[in-house]
Amino acid sequence: SFFVLKQPQEIKVELKLQYRNPRVVSNGSKFSSQIGLESTVGSFKEVLSPKCNIPANQQRLIYKGRILKDDQTLQSYGLEADHTLHMVRGFAPAASANTGVATNDGFPDFEQMTQNANVIRDMMNVPAIQNNMNNPDICGT
Numbered sequence: 001s002f003f004v005l006k007q008p009q010e011i012k013v014e015l016k017l018q019y020r021n022p023r024v025v026s027n028g029s030k031f032s033s034q035i036g037l038e039s040t041v042g043s044f045k046e047v048l049s050p051k052c053n054i055p056a057n058q059q060r061l062i063y064k065g066r067i068l069k070d071d072q073t074l075q076s077y078g079l080e081a082d083h084t085l086h087m088v089r090g091f092a093p094a095a096s097a098n099t100g101v102a103t104n105d106g107f108p109d110f111e112q113m114t115q116n117a118n119v120i121r122d123m124m125n126v127p128a129i130q131n132n133m134n135n136p137d138i139c140g141t
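All residue numbers for the sequence shown refer to the UniProt record's numbering, where the first residue is 1 and numbers rise by one.
Laid out in structure tokens, this is it:
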């Protein structure tokens, strides 16, 4: 029997950047990047970092209304050539002052809650999300 080795498929992805502070960088700037579908979202963010001057840990990539997780592959989200991803700049993870002590009192970390709220607020500024929210077939009014 023969084994056919598939070459990793590399695609061109267009990214639209959304920034919280339009005075720093123009809101809605676009650029493209080549990436293999087998790449993880985290490694893709590392590739994007020098192109957009946003550290990988502050990038939030959104595709079809979903925030992409760093440990998943681009292929797992159904990303295809020439599709558009939206990037929102989030906050850098806070450095913990007490690294040796974990306090888990059953409540979410306040900084994490505010970061999630900021990501959700920024997602609501993405035109595709706004269209979905205004579509009665999707949101069911």
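C-beta atoms are modelled at their ideal positions from N, C-alpha and C, and glycine is treated no differently.
Review point. For Ala56, which residues of its own chain have a beta-carbon under 8 Å away from its beta-carbon, when the five flanking residues on both sides are left out?
Key: Along the sequence shown, read from residue 1 onward, the residue named residue 56 stands at position 56. Gly42, Lys45, Glu46, Leu48, Ser49.
**Study point:** Nonlocal neighbours in the same chain, by C-beta distance under 8 Å from Lys64, ignoring five residues either side
**Key:** Along the sequence shown, one-based indexing puts residue 64 at 64. Counting only Cβ-Cβ distances below 8 Å, and skipping sequence neighbours, we find Tyr77, Gly78, Ala128.
Review point. Gln59: buried (16+ other C-beta within 10 angstroms of its C-beta) or exposed?
Key: Within the sequence shown, numbered from 1, the residue matching residue 59 stands at position 59. The residue in question, Gln59, is buried, as its Cβ has 16 or more Cβ neighbours within 10 Å.
Exercise for review: For Arg89, count neighbouring Cβ atoms within 10 angstroms of its own Cβ and tell me buried if that reaches 16, exposed if not.
Suggested key: Counted from its first residue, the sequence shown places residue 89 at position 89. So Arg89 ends up on the buried side.
Check your understanding: When DSSP labels each residue in this structure, what does Gln72 get in the three-state scheme?
Key -> Indexing the sequence shown from 1 puts residue 72 at position 72. Of the three classes helix, strand and coil, the one that applies to Gln72 here is coil, per DSSP.
Point to revise | Where the beta strand (DSSP E) containing Gly42 begins and where it ends | key: Along the sequence shown, read from residue 1 onward, the residue named residue 42 stands at position 42. Careful: Gly42 lies outside any beta strand (DSSP E), inside the alpha helix (DSSP H) at 41-52.
Check your understanding: Can you round the beta-carbon distance between Asp82 and Thr40 to whole angstroms, since I take them to be within the 8 Å contact cut?
Key -> Position 82 of the sequence shown, counted from the start, is the residue given in the question as residue 82. Position 40 of the sequence shown, counted from the start, is the residue given in the question as residue 40. Contact doesn't hold; Cβ gap of about 21 Å is too wide.
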